[in-house]
Every structure is written in structure tokens, then in C-alpha cells.
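Some notes on the structure that comes next.
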Ligand SMILES: *Cc1c(COP(=O)(O)O)cnc(C)c1O
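In my numbering, the protein residues as written are 49 to 480.
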């Protein structure tokens, strides 16, 4: 029987609230969550859903984590927030030191931001100010990969995939950047010279206008959930050096272990010039992101007019967010996270394998704690969302993609429930 999704709360929600990427007249059901703990979401009506999304990559330790709760409460006793202009505090400094220590070498300076999109804006502004400081004010454009996703603010949107990022809708508003094809070489496949031809020719022709190449290392997330060769990343880094263009690695989705390495850049053994982290940084507790850069970049910007990096969010370095981020990183590193991701990868591979038999399935792919079933056609969100909730799981497909990126603490039986729910939905056709 279909679980009910009507209540006074949901009626008010429908009247008042605009949900992400949605129409206020959408028929796609919305569900009210009363509480969340471990890998389970409890709905208003008391029913429970196994969470396959980790709240969009964030909740790596699951929900209601005692250690994270405690870190927040402890910080709350001393201060919730303090402006970051001219003032500092232990949680921000400790977090900065920790991020520098665990990210690829050469990333020495940390700029804290309040969301992933903002950290991308910051990265782009850093790149432009760097070249400006070196007397190359013409370098203000970016190259990015088709199929990429970097956020929803205007600068970030201008480097998202032009089609899925709806560039035509905002054509007068978005700055024009360069795009090269999404890497054709899949993860663990070799990357051939022709896979980088367009990147090379674009750099060759336009490097005088280009501040940076921005990409999601190895995993293209919201733009298509594709995994590409680490060789590509390595060779792209070499091309950036050859043509005097910075490399910005957007690790907002991949950071903190999701792809099997602590940061996806490690698959290629490269250090970017600028790196963005966010999403799972606080274990999904609070909004926080950071942009890290090399000392060369922070020194060059700081030693030249206007002798300042021109950015400063009001909630920069929020102490609550920094404290919970520190505790989340401590928890992750204290666990045998790499072995755990391998465990999840194995279970996802076995669990999703059976989906290959359906004619509507184009591809099944797994990397680290990310499992993707790509269909040949977009799903009907009204039907599939209800079907998943009826099956006791929280899985949120988009377009042709049904995917899992569960909390790292997920148990084998919970993962089986998620994989079986996907199989059953495909088997009984409740998605079209
Ligand atoms: C989610 C995401 C962003 C944007 O982060 P927000 O916190 O939603 O602003 C940017 N880049 C990547 C790769 C992401 O996955």
C-alpha cells in the first residue's frame, strides 16, 4: 500500500516552500522527516527509510552521531559565532591546520566559506586575482569539462555543463567560458592522446585568456555521475603547467574518502593549485566549505595591489561548523575508512550487478562508495519516488540516473535493502 504523504505540515509546505530544483506545482511527493539516526530516516507517520543518499554526499557518519553532537554542544558553551574580520578562534585555526595536513601537498593556505558554490566562486576569484597580480589581467576565463557540476551561483554556473546547467536560460547573465568534452576514458582505463586533443588545442589557442582549468577530479557528480581515468587528470595537470594555466580541483563531492582515496586527486598523484572542499566536511551537520591554495598563490595575491584577496563571507569560519568539521575528520581518520569504502564498493558491485539484465539499463558502475544505475531514459519521478518510499528506502534519482552514495557506516543488510529496492523498481516497471 502506498504510504500516505498528506499532513498539515505537508499542506503548509506545499503552500509556502520551494524545494531544490522543483516546481511549486510539482506532483513529485515530498516527505516530512521527524528524526534521523544511524542510516535511518524516520518519517512523520513513524515509518523508517534506509538512507542511500547521505543527504547528497554529506552524512558520511550517518545521522545523530554522538561524537558530532558532543563537539557541537561543547562549542556552543563557549561561542556560537564571532565575526572573522580581525578575530580568530581555535576551531578555525585547528581546522585550517588539519586540512593543510591531509590534502595534497602544496595546498598551504585555507580560505573558509559557507557553501560549496561559494568556495567555487572564491577559487575562481583567486585564480583571476593571481594572474592580475602577475600583470596578466587578460587571464579571466576558465576551461571546464562538459558534464561537470560546480554549483548554482553565477560564477559556478558559468563553468557547469552548458546543457544541464541551463546556460541558454541565463545567457546574458553568465560569463562565457571554454568547454572541452567530458573525458572519454573510463576509470582504470588508459587515457589516449586523442582524449586530450580538445583540451590541448583550447589551451594552445586561448591560454592568454584563461586563468584556470576547473574540474571534478575522477568523479563527475551531479552533472552525470561518471567516473573517468586518473591518467586524464594527470595529463590535464601537465598541460596546465605547460600552458601557464592554474588547476582548480573541485573535491566538494569527492573529498573525505568517497571515491576510495581521501581526495580523488590522489588517484592521479597530483596536487592542484587550488582545491575546494565542502559537503561531507562537517559530516553533514552544518554548511561549511573551504578553498585551499598554494603559498605561491596566497603570496602573489597578498604582495601585489590591491594587497588583499577580495572576498569575505559574513559567516566565514563559523565556530560551530569548524568544531563539527574537526570532529568529523577526526572520526573518519580514526576509523579504518579505506577498508570500509572497499567493503561498500564490493557490496554495491554485487548488489547492483543484477540490474544489468534489464533492457532499460544502459550501464551499472561503481567506484568507492558510489553506485550508479544509468537508464536509457529519464525516470518518472512521481512514480519512482513513491515506489522507493513504499519499499522503505530513501533514494533520489535524477534524469536517467538512479544512484547510491550511502553513509559510510551502512551495514550489509541495509545496503542489500537499497540494492534490492532498485532491482524491484526496475523489475516491476514503477519508474516510467
Ligand atoms: C554540491 C557541489 C557543489 C556545490 O556545493 P553547494 O554546497 O551545494 O553550494 C559544487 N561542486 C560539486 C562538485 C558539488 O558536488
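Ideal placement from N, C-alpha and C gives every residue a C-beta, glycine not left out.
Please read all numbers here as calculations on a predicted model, not as lab measurements.
In the three-state DSSP reduction, residue 138 falls in the helix class (H, G or I). Between the region 128 to 139 and the region 99 to 116, the count of C-beta pairs closer than 8 Å stays below three; the two stretches do not touch. With respect to residue 158, residue 148 sits close: the two C-beta atoms are nearer than 8 Å. Short of 6 Å from the beta carbon of residue 452, and not among the five residues preceding or following it, lie these beta carbons of its own chain, in chain order: 100, 419 and 466. Under the three-pair Cβ rule at 8 Å, the region 221 to 238 counts as touching the region 268 to 282. Counting every other CB atom within 10 Å of its CB across the protein chains shown gives residue 162 a total of 16 or more, marking it as buried. Unbroken beta strand (DSSP E) runs of no fewer than 3 residues, entirely contained in the region 211 to 269, are found at 226 to 228 and 258 to 263, following chain order.
At the C-beta level, residue 105 and residue 328 come within 8 Å of one another.
Residue range 189 to 193 is occupied by the beta strand (DSSP E) that includes residue 192, with no alpha helix (DSSP H) assigned at that position. Residue 373 has its CB no nearer than 7 Å to any heavy atom of ligand 1. For residue 309 and residue 463, the gap between their C-alpha atoms comes out near 21 Å.
Taking 7 Å as the cut-off, one finds no heavy atom of ligand 1 near enough to the beta carbon of residue 417. Here residue 436 is buried, its C-beta having at least 16 other C-beta atoms within 10 Å. When secondary structure is reduced to three states using DSSP, residue 324 falls in the strand class. With respect to the 8 Å criterion, residue 188 and residue 207 are not classified as neighbours on the basis of their beta carbons.
Within the chosen limit of 7 Å, ligand 1 reaches the beta carbon of residue 168 through at least one heavy atom. Spatial neighbours of residue 174 in its own chain (CB-CB distance under 8 Å, excluding positions within 5 residues in sequence) are listed in chain order as 159, 322, 339, 341, 345, 349 and 357.
Put simply, the backbone Cα of residue 57 is about 8 Å away from that of residue 80. Cβ-Cβ distances below 6 Å link residue 119 to 371, 372 and 375 in the same chain, with the five nearest sequence neighbours on each side left out; the list follows chain order. Counting along the chain, residue 280 sits inside the alpha helix (DSSP H) bounded by residues 278 to 290.
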